[in-house]
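To start, the structure itself, in C-alpha cells.
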Amino acid sequence: MSLMSQTRSVIVMNVRSIPQRLWMSLATVVSIALVVAVLLGFLSLANGFSQTLKGSGAPDVAIVLRDGAEAELNSTLSRDQVDLLGRGPGVRSGADGLPLVSAELMLVVDGIKKSSGTKANMPLRGVGPNGLLVRKQARIREGRMFAPGSNEIVVGAGLLREFEGFELGRSVRFGAQTWRVVGVFEAPGTVFESELWADAPVVQSLFKRGTSYQTARVVLAGPAALPAFVDYAKNEPRLQLKAQSEQAYFAGQAERSGLLIRYFGWPLGIMMAIGALAGALNTMYASVSNRAAEIATLRVIGFSGFSAFMGTMVEALVLSAVGALLGVAICAVGFNGLSASTLGAGFTQVAFRVQIGPEIIGQAVTLALIIGLVGGIFPGWRAARQKPLLALAT
Amino acid sequence: MRDFDLVRKNLFRKPLRTILLTVSIFMAFLIFGLLTSLNVALDRASETGAASNRLIVSNKINFTQPLPIAYVNRIAATKGVTGVTHSSWFGAFYQDQRNSRFVGFAVDPETYLNLYANDVRLTDAERKAFVTERTGVIVGKALADQYGWKVGQTIPISSNIYVQANGRRSWDMKISGIFTGAKPADSTTALYFHYDYLNETATFGRDQIGNVAVRTASSDLNNSVAKAIDNVFANSPYETSTVDEKTFGQAFLKQAGDLNLIVTMVVAAAFAAILMIVSTTLVSAMRERIREIGVMKTLGFSSPRVLRLVLGEALLLSTMGAVLGLVVSALVLSVLSKSPAASTFGDLSMSPLVALSGLLLAITLGLVTGAIPAASALRMSIVDALNRR
Chain A
5 MSLMSQTRSV IVMNVRSIPQ RLWMSLATVV SIALVVAVLL GFLSLANGFS
55 QTLKGSGAPD VAIVLRDGAE AELNSTLSRD QVDLLGRGPG VRSGADGLPL
105 VSAELMLVVD GIKKSSGTKA NMPLRGVGPN GLLVRKQARI REGRMFAPGS
155 NEIVVGAGLL REFEGFELGR SVRFGAQTWR VVGVFEAPGT VFESELWADA
205 PVVQSLFKRG TSYQTARVVL AGPAALPAFV DYAKNEPRLQ LKAQSEQAYF
255 AGQAERSGLL IRYFGWPLGI MMAIGALAGA LNTMYASVSN RAAEIATLRV
305 IGFSGFSAFM GTMVEALVLS AVGALLGVAI CAVGFNGLSA STLGAGFTQV
355 AFRVQIGPEI IGQAVTLALI IGLVGGIFPG WRAARQKPLL ALAT
Chain B
349 MRDFDLVRKN LFRKPLRTIL LTVSIFMAFL IFGLLTSLNV ALDRASETGA
399 ASNRLIVSNK INFTQPLPIA YVNRIAATKG VTGVTHSSWF GAFYQDQRNS
449 RFVGFAVDPE TYLNLYANDV RLTDAERKAF VTERTGVIVG KALADQYGWK
499 VGQTIPISSN IYVQANGRRS WDMKISGIFT GAKPADSTTA LYFHYDYLNE
549 TATFGRDQIG NVAVRTASSD LNNSVAKAID NVFANSPYET STVDEKTFGQ
599 AFLKQAGDLN LIVTMVVAAA FAAILMIVST TLVSAMRERI REIGVMKTLG
649 FSSPRVLRLV LGEALLLSTM GAVLGLVVSA LVLSVLSKSP AASTFGDLSM
699 SPLVALSGLL LAITLGLVTG AIPAASALRM SIVDALNRR
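Protein sequences, first through last, are from chains A and B. If you use our numbering, the first sequence corresponds to residues 5 to 398, in order. If you use our numbering, the second sequence corresponds to residues 349 to 737, in order.
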C-alpha cells in the first residue's frame, strides 16, 4: 500500500473510533467551541462598534470644528463662521440654490438606559433644515420631521432601542422643558441613529446657547474638493477652523475605540485556549493509548509511523474544527445582531449591533485549529514512535 | 494519612494526565481571579472616597450641563447641610491633547479641601499655599511622578474646553502641593486649581459651575436633603438632580456597558469547559482502575472509604489547580496595579472575598467532577469489577 492510502485508511479508522471515546471527545469539542464563542463574542462587539463608526462618515461631506477640539462637545462656531463656510470652494448647493451646510449644536441630556435602568448620556442635536440632506443614510421611518420653531424632537431608531420612554407621541422632559416626540428616524449602521434631533434655534434658546453652534457639516462637490475646502477653513482669517472629511473623522474615532474590548478579548481567548489545549492533549493521549494494540498491529503488518502520526493529527484537527464550527454557531445565533450601547468618543451613548464578520471568524477559527494542531502533534508523535511488539505484549 | 497517600499516588499515577488537567483548572481559576478582581476594583473605584454623607448636585438635564454659581450659597442654606463646595470639569491636558489627558477640576480651594480632606491629603503648609496662591494647583502624586513635577514649579495646563480672553488655551499654574489619597492604592491622577482663576480669565461660562458637592449632618438625612435641594430649584431654568456620591459614581460607570454580565458569561464559559474536561477525564481514568477497586473492596475497603478516596482525588486535583490559579492571578494583579495604566482602575489587588469564593468554587468543582466516578465506584460489586477487562 502506498503511504497515501495507508495514511488515508488510518485516518478513517481514527475518526470512526471517536464514538468509543465519545465523552472525552465531546468535552474537547465543547471546550474549543467555548473558546471560539468567547473570543468571537468580544471581537464581534468591537467589530460592531467600529463598523458603526466607520459606516457613519461620507467622503464628500466635510465636518468643521474649532481648531484643537477633538470632539463636538468641545467645539464652538459662530453664526458668521457658518455663513462663511457656505461660501467656501467646492460647496454643493441644494435644490433651493443655497449651499448645503448644516450648522449643528450638540448637548448631552439624561435618559434611562433599558439594560441597566440607570441614567446615561444621550446626545440632543440641534439641526437645521439641511440635517437630513447632509446625511444620506438618514430618513424618517415613522411620524414626521420636527416643525421649525417648535418643541418637537425626532428620535433615532438606535436610541429608541436602548433607552426608555422615547416612543412616538410621548412627551419627554429635559430640565424644565417638555418636548414631544413626533418622528422616528433611521440611519442604519451609523452613530446618528443614537441621537435625538430638534430644531437648532429652539435648542439654542432653550439651552441658552445664544446663536453659537458647535459643528458644521458641509456637502462638497466630491471627495476631490476636500483639500481646497480644508485650506480655506484653515487659512481664511475669520475662520481658522479645522475641516476634515466626515469619513476621516469617524475613522479616527473607530481606530481609538473598541481597543479596550480587543485588549480584553484576546488574552482571555488565549487563556481559555490553553485550558482547552490541555484538555485536547489528554483526549488525544487517551486516544493513542486506547488504540495501542491497533496501532501496533498496523505497524506489524507494515503500516508506517507516519500514517499513525497523521491518524492522530487529523483526529485532533477534526475535533477542533467541529468545535470551531459549534463556537461560531453559538456566537452567530446567540450574539450576532444583539443591540448594545457604550459611551462613545462624543461622551454619549452609541447604540450598535454586535456584528460577526469573516475576518474575525477567521481569527477565532485559526485559534481553534492551533489548539487542534498542537493537541495532535505530541500524541501523534507518541503514536508514531510506539514500539510494535511492546504494545502487543501488554 | 494513609488514605491521603493513596489519593495522592492515584492522582499522579499518570503524571502527564494530571499535569494537563491541572493546567486546564489553573487557567479557569486564573480567569476567575483576574476578572472578578477587576470587577470588584471597578466597583470600588466608582466609590473611591465616596462618603456616605456626601451628595452630588448636578443639572437635571445632565451632569455636563452647568449650574449658576449662585446656587452654592442657596444650597448651603438648606437644612441638614453642613458643608458645600463646587467643582467644574476643565478638560485638562498637558502638552499633548491625545496622550496626556487627565482629570482636572476648577474648585473653590478652601471649601473643597474641607469636604474632601480625607481624599486629598496635603501637609498644612501645602494646604495654606494652595488656598492663598491664586494660580496655585495641587496635583496627585501619580500625576506628579508621571511628568516629574515638583512643588513650586509652574506648569502650563491646557483645556480642551475653555479659552482665555487673550486667545491662549493653556493656563500657567504653580504647584502648591502634591496630594496623596486616603489609601495608598487610591488613584491620584487628578489636579485641582482655583475656580476664580478660571472664571476671571475664560471667555465663556462666566459664573457657571459643574457640580456641587454637599455634606449632610448624617447619611440618614441624605434623602430629605436631596429632595429639599431639588425642590428649591424645581421649575427654575436650572433644575437640579441630587444623589449620593456612590449612586452618582456607579451610574457613570454603568455607562460603559454591562461589565458584570460580560464577566459572568466569560467565567461561566471557562468553568463549563473545565467541568466537561475534568469530569470526562476522571470517568475514563476511573474506568481503567475498575479491577483495582475490586481488589481494594476484596481486601476489605468499605464502600464509603472507596467513595472518599475517589472524591478525595477529584478534590485534591481541583484545589491544586485552583490554588495555583488564584495565587498566580493575585501576583499578576499586584504587578498590574503598579503600572500607571492600571491606576485608573483603582485598587486592583485580590480581595479576601474573591479568594474565598474561588476556593468554594474549587470544592464545588471537585465534588461535581468526582461525583460520577465516585458513584460508579461505590455501586461496583466485587465480582463485576474483577470480571471487567
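Just so it is clear, CB atoms sit at the ideal spot from N, CA and C, and this is done for glycine as well. Computed from a prediction, not measured in an experiment: that's the story for all the values here.
- Item | Interfacial residues, the stretch 271-285 of chain A to chain B, with Cβ spacing under 7 Å | Leu272, Met275, Met276, Ile278, Gly279, Ala280, Ala282, Gly283 and Leu285
- Message: I'd like to know whether the C-beta atoms of Leu623/B and Leu679/B end up nearer to each other than 8 Å.
- Response: The residue given as residue 623/B occupies position 275 in the second sequence. The residue given as residue 679/B occupies position 331 in the second sequence. Going by C-beta atoms, Leu623/B is not nearer than 8 Å to Leu679/B.
- Message: So that I know if they touch, is there some Cβ in chain B lying closer than 8 Å to that of Gly384/A?
- Response: The count along the first sequence starts at 1 and reaches residue 384/A at position 380. Chain B contact via Cβ: absent.
- Does any C-beta atom of chain A lie closer than 8 Å to the C-beta of Leu368/B? Along the second sequence, read from residue 1 onward, the residue named residue 368/B stands at position 20. Taking CB atoms only, Leu368/B has a neighbour in chain A less than 8 Å away.
- Under a three-way DSSP split, which group does Glu197/A fall into? For this step, residue 197/A is matched to residue 193 along the first sequence. Here Glu197/A sits in helix by DSSP.
- So, is the C-beta of Ala599/B closer than 8 Å to a C-beta in chain A? Against the second sequence, residue 599/B aligns to sequence position 251. At least one C-beta of chain A is nearer than 8 Å to the C-beta of Ala599/B.
- Item | Helix, strand or coil at Thr301/A [DSSP, three-state] | The residue you call residue 301/A lines up with position 297 of the first sequence. The answer is helix: DSSP assigns Thr301/A an H, G or I state.
- Item | 6 Å Cβ shell around Gln55/A - same chain, five flanking residues per side excluded | Your numbering for residue 55/A matches position 51 in the first sequence. Within the same chain, Gln55/A has close Cβ partners Gln359.
- Item | Residues, ordered as in the chain, of the stretch 64-92 of chain A that lie near chain B by beta-carbon distance below 7 Å | Gly72, Ala73, Glu74 and Asn78
- Item | DSSP-derived helix/strand/coil call for Met349/B | On the second sequence, position 1 is the one that residue 349/B refers to. With a pLDDT of only 49 at Met349/B, under the threshold of 50, the placement of this residue in the model should not be trusted; the figure read from the coordinates follows. Here Met349/B carries a coil assignment [DSSP, helix/strand/coil].
- Task: Just tell me which of Lys362/B, Met634/B, Val683/B and Val611/B has its CA closest to the CA of Leu659/B.
- Result: Taking the first residue of the second sequence as position 1, residue 659/B is located at position 311. The residue with the shortest Cα to Cα distance from Leu659/B is Met634/B.
- Who are the neighbours of Lys123/A on chain B, taking C-beta pairs under 7 Å? Counted from its first residue, the first sequence places residue 123/A at position 119. Here the neighbours are Ala599.
- Message: Alpha carbons only, please: which of Phe313/A, Gly331/A and Trp385/A is nearest the one belonging to Ala37/A?
- Response: Here residue 37/A corresponds to residue number 33 of the first sequence, with the count starting at 1. Taking only the C-alpha atoms, the option nearest Ala37/A is Gly331/A.
- Can you give the Cα-Cα distance for Met349/B and Arg637/B, rounded to whole angstroms? Taking the second sequence and counting its residues from 1, one reaches residue 349/B at position 1. Taking the second sequence and counting its residues from 1, one reaches residue 637/B at position 289. Because the pLDDT at Met349/B is just 49, under 50, the model does not fix this residue reliably, and the point stays unresolved.
- Message: Considering only the alpha carbon of each residue, which of Leu281/A, Arg184/A, Val292/A and Gly72/A lies closest to Gly515/B?
- Response: As a position in the second sequence, residue 515/B is number 167, starting the count at 1. Per the Cα distances, Gly72/A.
- Item | Terminal residues of the alpha helix (DSSP H) in which Asn462/B lies | Here residue 462/B refers to the residue found at position 114 of the second sequence. Residues Pro457 to Leu463.
- Item | CB contact check: Asp606/B to chain A, cutoff 8 Å | Start at 1 with the first residue of the second sequence, and residue 606/B comes out as number 258. Chain A, which has a Cβ nearer than 8 Å to the Cβ of Asp606/B, makes this yes.
- Item | Three-state secondary structure (DSSP) of Asn358/B | As a first step, residue 358/B must be located in the second sequence, where it is residue number 10. Here Asn358/B sits in helix by DSSP.
- Task: Using a threshold of 8 Å, state whether the C-beta atoms of Tyr510/B and Phe453/B are closer than that.
- Result: Looking up residue 510/B in the second sequence gives position 162. Looking up residue 453/B in the second sequence gives position 105. No, the pair does not count as a contact, with Cβ atoms beyond the cut-off.
- Message: In chain order, what are the residue ranges of uninterrupted alpha helix (DSSP H) at least 4 long that sit wholly in the stretch 289-346 of chain A?
- Response: 296-304 and 309-338
- Separation of Ala325/A from Gln445/B, as counted between CA atoms: One-based indexing of the second sequence puts residue 445/B at position 97. One-based indexing of the first sequence puts residue 325/A at position 321. Taking the straight line from one Cα to the other gives about 47 Å.
- Query: Going along chain A in order, which residues have a C-beta closer than 7 Å to the C-beta of Pro585/B?
  - Reply: By one-based count along the second sequence, residue 585/B stands at place 237. In chain order: Ala180.
- If you follow the beta strand (DSSP E) that Pro532/B is part of, which residue opens it and which one closes it? Counting from one through the second sequence, the residue named residue 532/B turns up at place 184. Element bounds for Pro532/B: n/a, residue is neither H nor E.
- Since I believe Val485/B is in contact with Met521/B (beta carbons under 8 Å), could you give me their beta-carbon distance rounded to a whole number of angstroms? Taking the first residue of the second sequence as 1, we reach residue 521/B at position 173. Taking the first residue of the second sequence as 1, we reach residue 485/B at position 137. That pair is a contact at about 4 Å.
- Thr370/B: which of Leu378/B, Ser666/B and Gly428/B sits nearest, CA to CA? For this step, residue 370/B is matched to residue 22 along the second sequence. With distances taken between Cα atoms, Thr370/B lies closest to Ser666/B.
- C-beta contact flag for Ala574/B and Val591/B at 8 Å: Locating residue 574/B in the second sequence gives position 226, counting from the first residue. Locating residue 591/B in the second sequence gives position 243, counting from the first residue. The answer is yes: Cβ separation under 8 Å.
- Give the secondary structure of Gly380/A by DSSP, where H, G and I count as helix, E and B as strand, and everything else as coil. Mapped onto the first sequence, residue 380/A falls at position 376. The answer is helix: DSSP assigns Gly380/A an H, G or I state.
- Residue-chain proximity (Val42/A, chain B), Cβ-Cβ < 8 Å: Taking the first residue of the first sequence as position 1, residue 42/A is located at position 38. For Val42/A, the answer is yes, since a Cβ of chain B falls inside 8 Å of its Cβ.
- Item | Span separating the alpha-carbon of Tyr459/B from that of Gly431/B | Within the second sequence, residue 459/B is the residue found at index 111, counting from 1. Within the second sequence, residue 431/B is the residue found at index 83, counting from 1. Here residue 459/B turns out to be Thr, not Tyr, going by the sequence shown. Taking the straight line joining both Cα atoms gives about 8 Å.
- Item | Residues near Val19/A in its chain [Cβ-Cβ closer than 8 Å; skip 5 each side] | Indexing the first sequence from 1 puts residue 19/A at position 15. Non-local C-beta neighbours of Val19/A in its own chain, meaning closer than 8 Å and more than five positions away in sequence, comprise Val318, Glu319 and Val322, ordered along the chain.
- Item | Contacts around Ala124/A, its chain only, beta-carbon distance under 7 Å, and the 5 residues preceding and following it disregarded | Counting from one through the first sequence, the residue named residue 124/A turns up at place 120. If we look at Ala124/A and ignore the five residues flanking it on each side, its Cβ neighbours are Gly115, Lys117 and Gln353.
- Query: Of all the options Ser584/B, Ala620/B and Thr536/B, which has the alpha carbon lying nearest to the alpha carbon of Phe450/B?
  - Reply: Working through the second sequence from its first residue, we reach residue 450/B at position 102. With distances taken between Cα atoms, Phe450/B lies closest to Thr536/B.
- From Ile625/B to Ala725/B, what distance separates their C-alpha atoms? For the purposes of this step, residue 625/B is taken as the residue at position 277 of the second sequence. For the purposes of this step, residue 725/B is taken as the residue at position 377 of the second sequence. Rounded to the nearest angstrom, the two C-alpha atoms are 20 Å apart.
- Message: Could you tell me the alpha carbon to alpha carbon distance between Ala204/A and Phe527/B, rounded to whole angstroms?
- Response: Here the question's residue 204/A lines up with position 200 in the first sequence. Here the question's residue 527/B lines up with position 179 in the second sequence. Ala204/A and Phe527/B: Cα-Cα distance of roughly 44 Å.
- Message: Taking 8 Å as the threshold (beta carbon to beta carbon), is Ala300/A in contact with chain B?
- Response: Your numbering for residue 300/A matches position 296 in the first sequence. Cβ-Cβ to chain B under 8 Å: no for Ala300/A.
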